[in-house]
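For the sequence shown, the tail end lands on 501 under my numbering, and the numbers increase by one without skipping. In this text, a Cβ means the ideal position worked out from N, Cα and C, and glycines have one as well. Beneath this line is the structure, given in structure tokens, with notes to follow.
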Amino acid sequence: MRQRMKGMMNPAVVLQAHFSLTACVKTTTRAEITIAREIKLETQLARQLGTQGKGDTKTPSYCWQRLEREKIMALPVQQPNSGERSRFSWYEKVFKNKRRHHSSTPPPPPPPPPPQERRTATTRTGPEPVHQKPASTRAPHQQVASTAGTSTSSSTAEDDDARGPLSFPEPNFSPALKVVDYDESVTLVSQATGRRWRVVDSSRQCQFGEVLRAVELPGEAVPAVPPAYFAIKELKLEKLIEMQGRTHEDPLKEVAALQYLPKHPNVLDCTEALLDENNMYIVTPFFSGGEVFNVLSASGQFEEGQARLLFRQVLDGLLHLKRHGVCHRDVSLENLLFAEEGVVKLVDFGLALRIPQSEDGSARIIPPQGPCGKPYYMAPEVVASSTSSGFDGFAVDVWACGILVFAMLTGVAPFELALPSQDMRFHTVAVRERLTELLSAWNMPLSPEATDLIQSCLLLAPERRPSLEELVDHDWVKG
């Protein structure tokens, strides 16, 4: 500690840090200079210069860890189609630029082009060759990425897989500045808007990084109001590339979906998406009410009136998605958050899909996209996606709604996996359509209206399930 303080108080070190800071901010904007002054970057640089090479630099230690509850079943991941492959080209492009910028050795020169064959007037004995249009100089995945999110008449990704899901428009990211203060507090700054978030603690770990709880600092972009808390997903770009093709979860698509969807009171809103050389940051409001799953676990089960109030909001959120051609594919108690008392938000759009429409305006059946989601909520056509000819994404959400209502009213799931050969309860409910037998055997009496709604959602044939619009008009939902 004394050596560190000695290095920090050395006038030569402080002066050198001051000149380094001046050189760094010479081309920055006025807002960035104000932010740098407020967070005392001069002290930070002096400390880094004083401790360089001593191995005592520290990172914030977070101890608030979330207990794991449920392991997602290890299911095979299908090979992505051309539209899915294009999503990761953006990550690779970022890292190529980063490595090119930081590399100490110059990149090797490109290989010389192959020698051109000189055409001679020779007589051909075979048929004339078919002359093709010259191919583009870009790679196929780059061609797809340049047209992702456009209309069906001009999108290359949709032409390659005419019946597949549509691509979301490419997400927009603002440059981020992550600052570690002299007291080791971390502040994330948006260089586009000037908004700043001071990290309070780590809320939980996630697949590609961690979720931080942060408070927004007042400044030019934010007036001096009571502190507002935000959740910041800090995702490692190296981890995203490492997991490419190994998981269905896609944070890039989650950002694209959140930015694509207009605001709705029952759908999570993306405050800002940021990017620096190492991390991607997704900033959203922080909801202290927690997951509906945790509240249900503590109470055991909900009364029908409580469950009805929550389910109406879930339907409102899903109908908002459907009006914009998006299915969620991961509706669950874990993906519902209490924003405030009595208000729920639908979150986690990493598995969302844009569903193409037929000429009559109805949703189109798309090819199987592989098993994904939580096993308790997976529709049978999703579980058997390797043998399925296609699926309706909105019917998948309706199936999950049936599981959702059953779990809220009973506190348990009706079955473990939607496969008749592995779960006889699934066979009883979905194949034989005898939900009443299961409820009677478990001594869980429900109202006839609630039983009818659950049974209609949990039908084996997707085309026989009600639509989201029909669920809104159901007697149990209307109360």
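By the CB criterion at 8 Å, A329 and L431 fall inside the cutoff. Annotation: the stretch 251–275 contains the following complete segments of the alpha helix (DSSP H) (minimum length 4 residues), in chain order: 259–264. Contact between the stretch 274–286 and the stretch 189–200 is present, with at least three C-beta pairs closer than 8 Å. The three-state secondary structure of A361, taken from DSSP, is strand. Annotation: P436 to K285 spans about 33 Å, alpha carbon to alpha carbon. In terms of Cα proximity to V208, the closest of A214, C228, R226 and E238 is E238. Ranking R235, Q229 and T450 by CA distance to the CA of M265 puts Q229 first. Residue pairing from DSSP places C228 in a beta bridge opposite G231. The Cβ atoms of R456 and P187 do not sit closer than 8 Å to each other. Leaving aside the five residues that flank F324 on each side, the residues in its chain whose CB is nearer than 8 Å to its CB run, in chain order, L318, L332, M430 and L431.
A check of alpha carbon separations from M466 across G312, F428, K396 and F448 identifies F428 as the nearest. In the displayed model, W421 falls within a helix according to three-state DSSP. The beta carbon of N301 sits closer than 8 Å to the beta carbons of A198, K200, G231, E256, L257, K258 and L259 from its chain, once the five residues preceding and following it are set aside; these are given in chain order.
V404: not part of any beta strand (DSSP E); member of the alpha helix (DSSP H) spanning P402 to V405, first to last residue.
Under a 10 Å Cβ-count criterion, E362 is classified as exposed, with fewer than 16 other Cβ atoms of the shown protein chains found around its own Cβ. R386 sits in coil when the DSSP states are folded into three classes, being neither helix nor strand. Using a Cβ distance threshold of 8 Å, V405 and C394 do not count as a contacting pair. With a 10 Å radius around the Cβ and a threshold of 16 neighbouring Cβ atoms, G372 comes out buried.
The alpha-carbon separation between T293 and V369 amounts to approximately 13 Å. Under the DSSP assignment, E485 falls outside any alpha helix (DSSP H); it carries neither an H nor an E label. Proximity to N288 across Y251, R351, D338 and C349 peaks at D338, based on C-alpha coordinates. For N301, the uninterrupted beta strand (DSSP E) run begins and ends at N301 to P307, by DSSP. Assignment of R456 by DSSP, reduced to helix, strand and coil, places it in the coil class. Per DSSP, the beta bridge partners of S196 are L296.
DSSP places S212 inside the beta strand (DSSP E), whose first and last residues are V208 to S212. Per the Cβ contact rule, the stretch 480–488 is in contact with the stretch 410–422 (3 or more Cβ pairs under 8 Å). Boundaries of the alpha helix (DSSP H) around A472: P470 to C479. Secondary structure of L188 (DSSP, three-state): strand. For W464, there is no enclosing alpha helix (DSSP H), as DSSP gives it neither H nor E.
G424 and V221 have their C-alpha atoms some 38 Å from each other.
Sorting G267, R217, A236 and A452 by C-alpha distance to the C-alpha of A253 places A236 at the top.
In the DSSP secondary-structure assignment, E313 is bridged to L359. If the five residues before and after L480 are omitted, its C-beta is found closer than 6 Å to the C-beta atoms of G424, V451 and A452, all from its own chain and listed in chain order. Looking at the DSSP output, D223 bridges to R235. When only Cα atoms are considered, L290 and V366 end up about 9 Å apart.
Each residue's CA atom was taken as its position, placing L210 and T306 some 13 Å apart.
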